[in-house]
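Residue numbering for the sequence shown follows UniProt numbering, starting at 1 and increasing by one per position.
Cβ atoms here follow ideal geometry from the backbone N, Cα and C, with glycine treated the same way.
In what follows, a structure is listed as structure tokens, so that the remarks can point back to it.
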Amino acid sequence: MSRFKAVIFDLDGVITDTAHYHYLAWKQLAESQGVHFDHEFNEGLKGIDRMGSLDLILASATRSYTPEEKLALADVKNRHYQELIATMSSADLLPGAVEALDAVRAAGLRIGLASVSKNAFTVLGRLGITDKFDYVVDAATIARGKPDPEIFLRAASELGVAPADCLGVEDAVAGVASIKSAGMFALGIGHPFVLTQADVVITSLKEFNLAAY
1 MSRFKAVIFD
11 LDGVITDTAH
21 YHYLAWKQLA
31 ESQGVHFDHE
41 FNEGLKGIDR
51 MGSLDLILAS
61 ATRSYTPEEK
71 LALADVKNRH
81 YQELIATMSS
91 ADLLPGAVEA
101 LDAVRAAGLR
111 IGLASVSKNA
121 FTVLGRLGIT
131 DKFDYVVDAA
141 TIARGKPDPE
151 IFLRAASELG
161 VAPADCLGVE
171 DAVAGVASIK
181 SAGMFALGIG
191 HPFVLTQADV
201 VITSLKEFNL
211 AAY
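Structure representation (structure tokens):
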């Protein structure tokens with residue numbers, strides 16, 4: 001028996017890895033504005049929502065932008081990203097992802113998704129796993145992105161589970177901070193020296209063991 005009543009997963013970097021597609025789309029956008037963009041810069045955007053990421057990129061530009069211009073640029077980036085993810089399939093699921101979701105379901109727990117991506121439903125559909133989640137919270141339904149706890153608190157509320165009874169799964173520093181601020185147990189996917197706020201850290205969902213947390 002698990003001590004939790006629900007598990008809430010992040011999407012990118014946990015269930016699948018769309019980081020490369022985001023990188024390509026952001027790189028094209030940044031360079032169109034004369035901003036140098038590389039993998040190191042991209043790492044700094046991990047776990048940050050679209051407009052927050054755009055603000056970080058445009059901070060290195062040689063001019064200022066109106067709110068309307070920013071929205072237009074964000075739309076350009078998103079259209080390019082959508083073109084890239086249209087090629088995704090179940091082959092893009094990360095190792096252990098389906099097994100982890102099935103293990104949570106077999107234990108009788110509720111399953112939520114907390115993703116700052118506005119394309120979360122599209123990605124889930126391409127991966128063929130939409131029906132594995134009881135509730136999905138994406139960027140379109142929240143006011144504040146990670147590290148604010150809103151997205152995880154919203155997921156817990158919609159699942160009908162108290163935050164203290166939830167296990168959150170994240171690969172980003174901002175995401176782990178969001179889980180902890182929500183009063184949940186945080187399972188990090190990555191490196192312990194990076195995800196220092198996480199209660200437990202594993203390298204991938206291949207190591208997921210609900211009974212151990």
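Cβ of residue i within 8 Å of Cβ of residue j?
i	j	result
V201	H191	yes
L195	G96	no
I15	L93	yes
G13	A172	yes
A74	I57	no
V136	T18	no
P147	S117	no
S90	G128	yes
Name the DSSP bridge partner or partners of residue i?
i	result
F9	L113 and V169
L187	V169 and V200
V136	L113
T87	According to DSSP, T87 bridges with nothing at all.
T16	D12 and L93
Label residue i either buried or exposed according to how many other C-beta atoms from any shown protein chain fall within 10 Å of its C-beta, with 16 as the threshold for buried.
i	result
N209	exposed
A140	exposed
F185	buried
F133	buried
T203	exposed
E170	buried
A198	buried
D138	buried
P149	buried
G145	buried
D102	exposed
L168	Per the sequence shown, the amino acid found at residue 168 is Gly instead of Leu. The residue in question, G168, is buried, as its Cβ has 16 or more Cβ neighbours within 10 Å.
A6	buried
Assuming residue i and residue j form a contact by the criterion Cβ under 8 Å, report the distance between their Cβ atoms to the nearest whole angstrom.
i	j	result
G183	A155	Not quite, the Cβ-Cβ distance comes to about 13 Å (not below 8 Å), so this is no contact.
F152	A114	5 Å
Y81	A25	4 Å
L159	R110	4 Å
I8	G112	4 Å
A59	Q33	Incorrect: roughly 11 Å between the Cβ atoms, too far for contact.
Measuring alpha carbon to alpha carbon, tell me which of the options ends up nearest residue i.
i	options	result
F4	R105, A140, T196 and S60	R105
E40	D55, Y23 and Q28	Y23
G47	A6, A174 and S60	A174
A72	A19, R50 and F37	R50
H20	A103, I85 and S181	I85
I142	I129, E207, S157 and D131	S157
E207	A100, C166 and F193	A100
V98	R79, M88 and T130	T130
R79	L187, C166, A6 and Q28	Q28
D10	M88, F193, L187 and V35	L187
L54	T66, G108, K70 and E83	K70
S64	G108, A6 and V35	V35
Are the C-beta atoms of residue i and some chain D residue less than 8 Å apart?
i	result
S32	Looking at the structure shown, chain D is missing, and only one protein chain is on hand.
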